[in-house]
Structures are given as structure tokens and as C-alpha cells.
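S.K.:
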Amino acid sequence: MIIELNKRQQRILEIVKDKGPITGEQIAEKLSLTRATLRPDLAILTMAGFLDARPRVGYFYTGKTGAQLLTEKIGKLTVKNYQSIPVVVNESASVYDAICTMFLEDVGTLFVVNRTSHLVGILSRKDLLRASMGKQDLESMPVNIIMTRMPNITTCEPTDLLLDVAQILITKQIDGLPVVNFKETDGETKMEVVGRVTKTSITKAFVDIANNKIV
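Okay, so the sequence shown: first residue is 861 according to my numbering, each after it adds one.
1. Rank 1025, 1063 and 974 by C-alpha distance to the C-alpha of residue 938 and give the top, closest one.
2. Report back the beta-carbon spacing between residue 902 and residue 872 to the nearest angstrom; my notes put them in contact at under 8 Å.
3. What are the residues that DSSP puts in a beta bridge with residue 921?
4. Would you call the stretch 990-1004 and the stretch 1027-1043 in contact, with 3 or more CB pairs under 8 Å?
5. Can you tell me whether DSSP reads residue 1041 as helix, strand or coil?
6. Find out if the Cβ-Cβ distance for the pair residue 1065, residue 934 is shorter than 9 Å.
7. Tell me the DSSP secondary structure of residue 954 in three-state form.
8. Looking at the strands, I want to know which residues DSSP matches up with residue 972.
9. In the DSSP assignment, find the beta strand (DSSP E) that holds residue 1052 and state where it starts and stops.
10. Looking at residue 944 and residue 1058, is the spacing between their C-beta atoms short of 9 Å?
11. Would you identify the three-state DSSP class for residue 1036, choosing helix, strand or coil?
12. Taking the alpha carbon of residue 999 as the reference point, which residue from 919, 916 and 960 has its own alpha carbon closest?
13. Indicate whether residue 977 and residue 1035 have their beta-carbon atoms separated by less than 9 Å.
14. From the DSSP output, in three-state form, read off residue 1006 for me.
15. Contact check, residue 1016 vs residue 1039 under 8 Å by CB: the rounded distance?
16. Quick check on DSSP: helix, strand or coil for residue 944?
17. The alpha helix (DSSP H) with residue 886 in it runs from where to where?
18. Quick check on residue 1014: does DSSP put it in helix, strand or coil?
19. Please identify the residue among 987, 878, 966 and 899 whose C-alpha is closest to the C-alpha of residue 885.
20. Under three-state DSSP, which class holds residue 898?
21. Answer with buried or exposed for residue 1011, where buried requires no fewer than 16 other C-beta atoms within 10 angstroms of its C-beta.
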């Protein structure tokens, strides 16, 4: 969200652009206002990134537009700040159990793990719907028959940028990704599922930016 400045805040920016570095007292004097009256406006402009402040020196104009500040905020967000608890099923679970889990947990994707809790597959709504349309016995059919396996699984890590993950979700037209930590076990690279990031996660990040919860 690009912050809309009121007339006084716009005037403060003009003064700092023209006279900066300039102290809060000097800005107040130019506007014929008290320093206390200006304090909230200066705090907003500084927190939003339009101004920078240095002790005993004063306020500087950063030269950044609202759009640039928004882009900077988005570019700093990482997966670990917005990942949620993953919903997993064991590879030996039945398709029927997986359908019940997806319904009860109200998610669009299930992550399939093996006995050592490492990621081995993914189940989407489409996978389960496709299986339920046949005449198979869903209670006896294991999910590992219908799940998507490597190398067709896209994952992300906690340190990945949320913006990059959002681009993956759009490009691949999927609802979410498993968040994994890579571990070397017996000469093999294993993936431990530690979270999930979804379109809802991305939406929450934008809402937090709009509500100025991210500096």
C-alpha cells in the first residue's frame, strides 16, 4: 500500500527537500507550529522511509517515492516470517484418509512423508478428486500411488524471499509450497518439512504492509 500523505506531511517533505538537513524545531518554526504538534507527522514520515533522522544533525529526505518504499518492504520479507504449520500424511496412509485429512484441515495441499518424516511427495485436491472418480477402493489404496514425486515437487526454504515464492505460485499455478530444511543423511539429501507457504500467506504479508506492521 502506498501511503497517502496529508497536506502538512507533504509540506514537511518539501521543507526537508529544500533545507535538509534540518531539525524538527526548525521545521516547526517554518510551519508556525510547536515541535510537539509535528512529532507524530515526523514519526510517520521517518517510519515510512520518506525521511531519515540523525541525532544532533536533523532530518534528511531519502529521495524515495512511495512505490519504491513499498517495493523495498516487499523485497525484505522472507518465508520464515509467514510460513504456517504443514499438514502431512504418511506415504502408507490411504487415499480415503488423505481426503478426510484435507477436508478436516481445510487445506488445498497435503505433504507426504516417509517413516523418517522426510518429504517424498505432494497431494493436491486434483490428485484426490481424480482418484475418487474411479471405482477403486479408496480405503485400501495408499497415497504413494497417486502422489506427485520428485523431481516434480517444488519446494522453498525459510530464508527464501516471499516475493520469489509468490512468483513461483503464479507461474506454476499452484496453491502452496512445502517449506523444507535440507539434510544430508547416509550420503543422500533429505528434505525435512518445517512449514508451508500459500497464497493466503502472501495475502497476509500485503495486509501487514498496508497496516504498517512492517517497517
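Note that the Cβ used here is the ideal one computed from N, Cα and C, for glycine as well.
M.R.: Taking the coordinates as given:
1. Here the question's residue 938 lines up with position 78 in the sequence shown. Comparing Cα positions, the closest option is 1025.
2. Along the sequence shown, one-based indexing puts residue 902 at 42. Along the sequence shown, one-based indexing puts residue 872 at 12. Indeed they touch by this definition, with Cβ atoms about 7 Å apart.
3. Within the sequence shown, the letter at position 61 stands for residue 921. According to DSSP, which records beta bridges pairwise, residue 921 is partnered with 911.
4. no
5. Counted from its first residue, the sequence shown places residue 1041 at position 181. In this structure, residue 1041 counts as strand in the three-state DSSP scheme.
6. What you label residue 1065 is simply residue 205 of the sequence shown in a count that begins at 1. What you label residue 934 is simply residue 74 of the sequence shown in a count that begins at 1. Closer than 9 Å, so yes.
7. Taking the first residue of the sequence shown as 1, we reach residue 954 at position 94. Strand at residue 954.
8. Within the sequence shown, residue 972 is the residue found at index 112, counting from 1. DSSP lists 949 and 981 as partners of residue 972.
9. Position 192 of the sequence shown holds residue 1052. Taken as a continuous stretch (DSSP letters only), the beta strand (DSSP E) holding residue 1052 covers 1048-1058.
10. Here residue 1058 refers to the residue found at position 198 when the sequence shown is read from its first residue. Here residue 944 refers to the residue found at position 84 when the sequence shown is read from its first residue. For residue 1058 and residue 944, yes; Cβs fall inside 9 Å.
11. For the purposes of this step, residue 1036 is taken as residue 176 along the sequence shown, with counting starting at 1. Residue 1036 falls in the strand class under three-state DSSP.
12. In the sequence shown, residue 999 corresponds to position 139, counting from 1. Answer by Cα proximity: 960.
13. Working through the sequence shown from its first residue, we reach residue 977 at position 117. Working through the sequence shown from its first residue, we reach residue 1035 at position 175. Contact flag unset, no.
14. Taking the sequence shown and counting its residues from 1, one reaches residue 1006 at position 146. Note: residue 1006 maps to coil in three-state DSSP.
15. Against the sequence shown, residue 1016 aligns to sequence position 156. Against the sequence shown, residue 1039 aligns to sequence position 179. With 8 Å as the limit, residue 1016 and residue 1039 qualify as a contact, their Cβ atoms being about 6 Å apart.
16. Here residue 944 is taken as the residue at index 84 of the sequence shown, counted from 1. In the structure shown, residue 944 sits in a strand (DSSP, three-state: E or B).
17. Counted from its first residue, the sequence shown places residue 886 at position 26. Element bounds for residue 886: 884-891.
18. Position 154 of the sequence shown, counted from the first residue, corresponds to residue 1014. If DSSP states are grouped into helix, strand and coil, residue 1014 belongs with coil.
19. Within the sequence shown, the letter at position 25 stands for residue 885. With distances taken between Cα atoms, residue 885 lies closest to 899.
20. Here the question's residue 898 lines up with position 38 in the sequence shown. Helix.
21. Locating residue 1011 in the sequence shown gives position 151, where the first residue counts as 1. The residue in question, residue 1011, is exposed, as its Cβ has fewer than 16 Cβ neighbours within 10 Å.
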